[in-house]
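Protein chains in written order, with our numbering: chain R, 2 to 232; chain E, 2 to 232. By construction, the Cβ of each residue, glycine as well, lies at the ideal position given by its N, Cα and C atoms.
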DNA sequence: AGTCGCATGGTACGATGTACGAGTCAATCG
DNA sequence: CGATTGACTCGTACATCGTACCATGCGACT
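What follows is the structure in C-alpha cells.
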C-alpha cells in the first residue's frame, strides 16, 4: 500500500541480519538513510544558507532521485527540524555535581552559542521550529544545575527562560550581523549617514563594536549576578 | 528607460500641487503607494502568517496587478523589511529626563515586546532582516537613557546588547510557543511522554507555565539588577 | 501635436515542494 | 519452486511562487 511509513521510524536499515554489505561496497553511493539526508542537509545549509537548501539540490548531493527523500522524511520542514536539532547536540559534563554551578552554566551556554554560530542558518531557523530533543536536553541540564545550585523553585523557570532568552537573542543577533556587514565599507558608510539621526549610537560605536564574544560573556555575567542576588 | 526608480524614494505622490483628488474619489481603490502596500502586507501577515504573504495575494487585496507592486517596492524581501519596521514604531516618551530611568527602560522594552507579539510573524522575521529606522530609534533611545542614568561608557554597549538580546529572545520564544501549543492536548500529551527523559523540566512544569508576561518582567528585573550593580 | 516620466499590469519563464503511481529487489510464505 | 509482500527508489506532472520583460495609459510640459 505504500503506507509512507509514519510514526515508527524504528526500522533501522535492513542490514544487521544476513551478510554484511552485500554488493557495491565502494561503487557509487551508500543507501539513503535519515542520517545521511540530515548530514547532507547540514552540509548544504552551511555552504549555501537557508535558501540554498532545496529538495532537488539535496537529492543531487546524495546521488538519488528527489522523491526518494520523501520516503525517509515527511517534507522539507522535517528536514529543517532534523538539521537544526542535529547541530545542537551537547556532549558536556552531564553528570558533574561540581560546586562550580556558575562555571557549568556558562560553559553550556557558551557551547550552545558556539554551536549555532558554527552554523549561522540555525539561529535564524530556530525561532520557527519546535524544540527538538537536543534543545530539551540542554534545558533539562540547565534546569538541573540551577536547581542544585539552590535557586528557589519559584524563581527557577524565570531563571531558565532568562538565560535561554539571552542566549537566543545574542546568537540570533550575532549570526545576523555577521552576514550583513560582510562589506565593511557599506557598514561604515551607512554608519556615518546615520550618525546624525542616532548620535548616541554613533558615539558609542554600538554597531561597529565587534567584540561579540566578550560582550556575550560580560552580559551573561551581569545576568547571572542578577539571578544569584536572589537565591 | 523605465529606470525603476532606485534610491530617491522621495517622490511623495503626485498630489499636493494642482487640484485635490482629480477623479474617482469613492470609486474603486485609491492609487497604489508604498504606504498602502506595506499596510496591506501587515494585514495579510497578521491574517495568514509568513507563508501567507505572496505577491499575488498582496496584489489581490490591493485590487491591482501583481507587477504594479514592483514599481513601489524592490522585491518581496523589501516588503518584509518595510512591514517589519512599520510594526516597530515607538511613540513613547522620547524626551523625558525623568529620574526614573529604570521605569523608562522597562516601559520601552515591554512596549517593544508587545508590539512584536501583536504581530507574531515579526518575531520570526526579525532575525533575518536588517535594522530598520524604528529599531535603530529604539536602540538610540535605550542608549541615551542608560547613558544618562550613569552607566559607564565601557559597559554601555554590553548593557544595550544584553537588554536587546533578552527582549529578542523572550519575544521570539513567546511568539513561537504561542503557535505551537494551540492544541493543548498535544502539548499535554507530548509533555507526559517526555517527562521520563526530562524529569526536572517536567517537575517545574517549564513548558506549561504560561505566565509569559510575568516571567518577562521578572527576568528583566533580574537583568537590570545585574546591570546596575556595576554602574 | 509631440514628448516625457510616472505608473499599471499581462504574459511568460524558471524554480520550487510534493502527490501519484510505476518500478526494483530481497525476504517470506504457499 | 513461484507468488506475495513490504521496503525502498524515482520519473512525471502540477500548482504555485518571484519576477523579467514589455506594452500600455495618463497627466504635464514643450
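Can you name, in chain order, every residue of its own chain whose Cβ lies under 6 Å from the Cβ of residue i, other than the five neighbours on each side?
i              : result
residue 65(E)  : 33
residue 140(R) : none
residue 145(R) : none
Could you give the residue range of the alpha helix (DSSP H) that holds residue i?
i              : result
residue 68(E)  : Counting along the chain, residue 68(E) falls outside any alpha helix (DSSP H), and DSSP gives it neither H nor E.
residue 36(R)  : 35 to 49
residue 201(R) : 200 to 205
residue 196(E) : Premise fails: residue 196(E) is in no alpha helix (DSSP H) and is neither H nor E.
residue 115(E) : 102 to 119
residue 134(R) : 134 to 149
residue 62(E)  : 56 to 63
residue 87(R)  : 77 to 87
I'd like the list of long-range same chain contacts for residue i, defined as Cβ closer than 8 Å, with 5 residues on each side in sequence excluded.
i              : result
residue 163(E) : 224, 228
residue 142(E) : 91, 93, 95, 109
residue 194(R) : none
residue 9(E)   : Only weak support exists for where residue 9(E) lies, its pLDDT of 36 falling under 50; the coordinates are left without a value.
residue 45(E)  : 53, 54, 58, 59, 62
residue 26(R)  : Because residue 26(R) carries a pLDDT of 39, less than 50, the predicted location of this residue cannot be relied on, and the following value inherits that uncertainty. Excluding residues within five positions, none has a Cβ falling inside 8 Å.
Leaving out five residues before and five after residue i in sequence, what residues of the same chain have Cβ atoms less than 7 Å from its Cβ?
i              : result
residue 130(R) : 81, 82, 85
residue 28(E)  : Residue placement at residue 28(E) cannot be trusted, given a pLDDT of 42 that sits under 50; what the coordinates show is reported in the next sentence. Excluding positions up to five away in sequence, the list is empty.
residue 114(E) : 168, 171, 172, 217
residue 118(E) : 172, 175, 176
residue 226(R) : none
residue 87(E)  : 39, 43
residue 99(E)  : 105
residue 78(E)  : none
residue 107(R) : 221
Whole angstroms is fine: what's the gap from residue i's alpha carbon to residue j's?
i              : j              : result
residue 103(R) : residue 215(E) : 25 Å
residue 234(R) : residue 122(R) : Look at the range of chain R in this structure, 2 to 232, and you will see that residue 234(R) is not part of it.
residue 50(E)  : residue 70(E)  : 20 Å
residue 220(E) : residue 202(E) : 18 Å
residue 157(R) : residue 213(E) : 14 Å
residue 61(E)  : residue 43(R)  : 37 Å
residue 53(E)  : residue 128(E) : 19 Å
residue 222(E) : residue 159(R) : 11 Å
residue 137(R) : residue 111(E) : 27 Å
residue 67(E)  : residue 197(R) : 37 Å
residue 134(E) : residue 125(R) : 21 Å
residue 208(E) : residue 132(R) : 10 Å
residue 30(R)  : residue 56(R)  : 18 Å
residue 116(R) : residue 41(R)  : 17 Å
residue 166(R) : residue 210(E) : 15 Å
residue 206(R) : residue 230(E) : 24 Å
residue 89(E)  : residue 47(E)  : 14 Å
residue 101(R) : residue 148(R) : 13 Å
residue 154(R) : residue 204(E) : 10 Å
residue 75(E)  : residue 200(R) : 29 Å
residue 120(E) : residue 37(R)  : 37 Å
residue 24(R)  : residue 35(R)  : With a pLDDT of only 35 at residue 24(R), under the threshold of 50, the placement of this residue in the model should not be trusted; the figure read from the coordinates follows. Cα to Cα, residue 24(R) sits roughly 21 Å from residue 35(R).
residue 161(R) : residue 178(R) : 26 Å
Would you say the beta carbon of residue i comes nearer than 7 Å to a heavy atom of the ligand SAM?
i              : result
residue 143(E) : The model on display carries no ligand, and the ligand SAM is accordingly not part of it.
Name, going along the chain, the residues of the segment 209 to 223 of chain E whose beta-carbon falls closer than 7 Å to a beta-carbon of chain R.
-> Identification of residues in the segment 209 to 223 of chain E having a C-beta nearer than 7 Å to some C-beta of chain R yields 210, 216, 219, 220, 223, given in sequence order.
For the segment 81 to 101 of chain E, which residues have a CB atom closer than 8 Å to at least one CB atom of chain R, in sequence order?
-> Listed by position, the residues of the segment 81 to 101 of chain E near chain R (Cβ gap below 8 Å) amount to none.
Interface positions of the segment 161 to 179 of chain E facing chain R (Cβ-Cβ less than 8 Å), listed along the chain = Listed by position along the chain: 161, 162, 163, 165, 166, 167, 168, 169, 170, 171, 173, 174, 176, 177.
Could you run through the segment 136 to 153 of chain E and flag, in chain order, every residue whose CB is less than 7 Å away from some CB of chain R?
-> Answer in chain order: 137, 140, 141, 144, 145, 148.
Along the segment 26 to 58 of chain R, what residues have a CB closer than 7 Å to any CB found in chain E?
-> Among the residues of the segment 26 to 58 of chain R, none has a Cβ less than 7 Å away from any Cβ of chain E.
Looking at chain E, which residues of the segment 116 to 127 of chain R have a Cβ within less than 7 Å of any of its Cβ atoms?
-> Those would be 124, 125, in chain order.
Taking a cut of 7 Å between CB atoms, which residues from the segment 197 to 208 of chain R lie near chain E?
-> So the list reads 199, 201, 202, 205, 207, given in the order they occur along the chain.
Got a sec: which bits of the segment 59 to 70 of chain E sit with their beta carbon under 7 Å from any beta carbon on chain R, in order along the chain?
-> Identification of residues in the segment 59 to 70 of chain E having a C-beta nearer than 7 Å to some C-beta of chain R yields an empty set.
Mind checking the segment 103 to 116 of chain E against chain R and listing, in chain order, the residues whose C-beta falls within less than 9 Å of any C-beta there?
-> Per Cβ criterion, the list is empty.
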